[in-house]
């Protein structure tokens with residue numbers, strides 16, 4: 065297998081080096097073809113690596129002294145954070161030194177910088193954030209998850225094209241089932257934008273459009289790709305993650321409240337462990353910024369080691385499947 069180099073924005077996110085370093089080393093151990101460029105403050109990175117065991121031939125450090133803070137204003141980062149780890153990582157991708165970028169940093173800044181440094185693919189009106197959400201069939205790809213607060217019908221249609229291409233590339237599905245998130249499944253329900261988007265999507269024979277879907281359908285085994293605007297998508301995603309964490313914490317609390325609960329907990333521990341893994345948001349981390357001229361993966365801002373490592377593997381999969389080229393082909397065919 066040919067080697068693959070990724071750039072990891074090592075400094076950004078809530079945990080910074082505390083998660084990015086160990087996650088990168090774990091990913092290197094899991095994938096022998098992988099090479100990683102850690103982008104960030106070199107002295108700090110070397111200190112974090114000091115007691116680690118790793119293959120130095122597959123790990124490079126690219127010095128960038130500045131960091132984009134989680135509360136930085138995206139427009140200002142473009143002017144004042146050109147020495148940041150995020151900015152430099154995207155430059156490496158633009159210049160062809162790496163095949164993808166992984167960052168847990170400020171979402172708005174990452175989208176803004178990506179659009180300026182990498183540019184959008186020809187014909188793409190706006191990029192979209194797409195991530196897997198746990199479902200009965202494994203997961204459902206959902207987009208947009210926050211890059212675009214408001215969208216028109218044409219943009220939702222392009223999201224459908226890009227989401228379908230992602231599902232085909234990463235899951236190998238020939239005709240991914242695609243739905244529009246709405247307040248009801250009936251054709252008369254929803255905003256004028258959603259109704260118009262439905263007409264555009266259903267008219268494209270390349271898309272396997274199954275109609276409107278409601279929020280509870282995200283978790284079903286009937287949909288592979290769910291399309292919505294960034295406001296609705298981001299709220300839905302956070303609700304899903306919060307619910308999963310709430311259920312996990314409540315189960316732990318209940319089993320610790322009494323001796324009977326502790327004994328019952330021991331009996332069902334194997335089942336609970338599997339359940340917790342199935343709904344664990346860490347396993348599904350790695351949102352793809354679709355529509356860009358390059359692979360950019362957005363990891364959760366509070367990503368731990370396991371979560372950040374999932375994002376790195378997601379980046380490798382996207383590159384191997386030639387995701388950018390597939391999306392470009394979809395959009396170009398539509399434009400022509």
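In the numbering used here, the protein residues as written are 65 to 400. Note that CB positions come from ideal geometry on N, CA and C, so glycine has one too.
Would residue i and residue j qualify as a contact pair, given that the criterion is a beta-carbon distance under 8 Å?
i	j	result
residue 138	residue 173	yes
residue 145	residue 132	yes
residue 369	residue 86	yes
residue 101	residue 71	yes
residue 257	residue 244	no
residue 293	residue 215	yes
residue 170	residue 190	no
residue 242	residue 271	yes
residue 84	residue 372	yes
residue 167	residue 176	no
residue 188	residue 395	yes
residue 195	residue 351	yes
residue 385	residue 217	no
residue 228	residue 289	yes
residue 262	residue 276	yes
residue 182	residue 143	no
residue 134	residue 365	yes
residue 200	residue 310	no
From the DSSP output, which residues share a beta bridge with residue i?
i	result
residue 10	Residue numbering for the chain in the displayed model covers 65 to 400; residue 10 lies beyond these limits and cannot be assessed.
residue 273	242
residue 71	101, 165
residue 203	198
residue 124	101
residue 362	167, 351
residue 193	353
residue 401	Within the shown structure, residues of the chain are numbered from 65 to 400, placing residue 401 beyond reach of any answer.
residue 177	Residue 177 pairs with nothing; no bridge assigned.
residue 290	206, 243
residue 184	356
According to the neighbour-count rule (16 or more other Cβ atoms, all chains shown, within 10 Å of its Cβ), is residue i buried or exposed?
i	result
residue 367	buried
residue 198	buried
residue 81	buried
residue 96	exposed
residue 285	exposed
residue 120	exposed
residue 160	exposed
residue 280	exposed
residue 147	exposed
residue 230	buried
residue 141	buried
Pull up the CB-CB distance for residue i and residue j, whole angstroms please, since I reckon it's below 8 Å.
i	j	result
residue 359	residue 387	6 Å
residue 92	residue 126	Not confirmed; about 16 Å, so no contact.
residue 383	residue 164	5 Å
residue 354	residue 192	5 Å
residue 185	residue 357	6 Å
residue 380	residue 68	6 Å
residue 89	residue 118	5 Å
residue 274	residue 287	7 Å
Mind the definition here: the region 232-240 touches the region 310-320 only if three or more C-beta pairs lie below 8 Å; say whether that holds. no
With a cut-off of 8 Å, do at least 3 Cβ pairs link the region 71-91 to the region 104-120? yes
Determine, using beta-carbon pairs with one atom in the region 192-212 and one in the region 223-231, whether at least three such pairs fall under 8 Å. yes
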